[in-house]
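Numbering (our numbering), first residue to last: 175 to 360.
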C-alpha cells in the first residue's frame, strides 16, 4: 500500500437540486473514494461500508494492495486516509442495501446491458459538455479504425446488394443519360 499525497483531477457530482453531492478524485485512470464518501454515495453508515469492503477482500474478490491507497493530506491531518478504487466502489455498490444502492445497481446494469447488446456504451452528456477530455482523440481513432475495417466494408456491401435485388441496370443507364443530357444543355 502506498502513501501518496492526493494530486489528481476532481469531479463533483451534483444531486437533482444542483447541490454538490460528492467530490470524486480521479487518478491513474480510476476513481478513488474514502469510506466516508462511499457511505454518502450509497446512503449507508461507515461501518456498513467498511464491513462490505472487508468481505470483498476476505472473499478475494479484489486484492487490497491493488485497490486501496493510503492518501494523506498534511494540511488537514497527519494520519493518511484509506481511498478505494472504482473496482471496490462498484463491488460495494452491488452489495449494499439502500435506495441509493439500488439506483446505482440499476444504472450500472443499464450500462452493462448496453455494452453487451451494442458493443459499446457512451456518456453522451460528458462528451457534449467537456468533449471527453483526453479520451476524445482515443474515441475518434477507435471509430476511424472500426470504420476502415474490412469486415464493416464487406457488411456494407452486402447491405447494398440486399437492397438492390430489384436493381434494373437499364433504369440506371436512362437516369444517367438524362443527367448527362441536362448537364450538356445547361
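Glycine included, C-beta positions come from ideal geometry on N, C-alpha and C. Everything numeric in this text was worked out from a predicted model, so none of it was measured.
Could you tell me if residue i is buried or exposed, where buried requires 16 or more neighbouring beta carbons within 10 angstroms of its beta carbon?
i, result
"residue 211", "buried"
"residue 241", "buried"
"residue 257", "buried"
"residue 230", "buried"
"residue 282", "exposed"
"residue 213", "buried"
"residue 207", "buried"
"residue 227", "buried"
Can you give me the start and stop residues for the beta strand (DSSP E) that residue i sits inside?
i, result
"residue 259", "255-259"
"residue 230", "Here residue 230 belongs to no beta strand (DSSP E); instead the alpha helix (DSSP H) covers 220-232."
"residue 313", "Not the beta strand (DSSP E): residue 313 falls in the alpha helix (DSSP H), residues 309-321."
Who are the near neighbours of residue i in its chain, counting only those whose CB is closer than 6 Å to its CB and skipping five residues on each side?
i, result
"residue 205", "198 and 260"
"residue 176", "Here residue 176 scores only 38 on pLDDT, less than 50, and its place in the model is too uncertain to base an answer on."
"residue 326", "none"
Go to residue i, then tell me how far its alpha helix (DSSP H) extends in each direction, as first and last residue.
i, result
"residue 242", "Unbroken run through residue 242 is the beta strand (DSSP E), 242-246; no alpha helix (DSSP H)."
"residue 283", "273-292"
"residue 215", "209-216"
For residue i, which of the options has the nearest alpha-carbon?
i, options, result
"residue 361", "202, 203 and 219", "Residue 361 is absent from the model: the chain starts at 175 and stops at 360."
"residue 271", "333, 216 and 196", "216"
"residue 279", "290, 214, 266 and 289", "266"
"residue 269", "332, 252 and 223", "223"
"residue 235", "264, 312, 317 and 319", "264"
"residue 203", "337, 309, 254 and 282", "309"
"residue 225", "286, 337 and 262", "262"
"residue 320", "196, 228, 293 and 252", "293"
Who are the near neighbours of residue i in its chain, counting only those whose CB is closer than 7 Å to its CB and skipping five residues on each side?
i, result
"residue 355", "Legend: pLDDT at residue 355 = 48, less than 50; position of this residue unreliable, no value from coordinates given."
"residue 323", "none"
"residue 275", "216 and 267"
"residue 289", "295"
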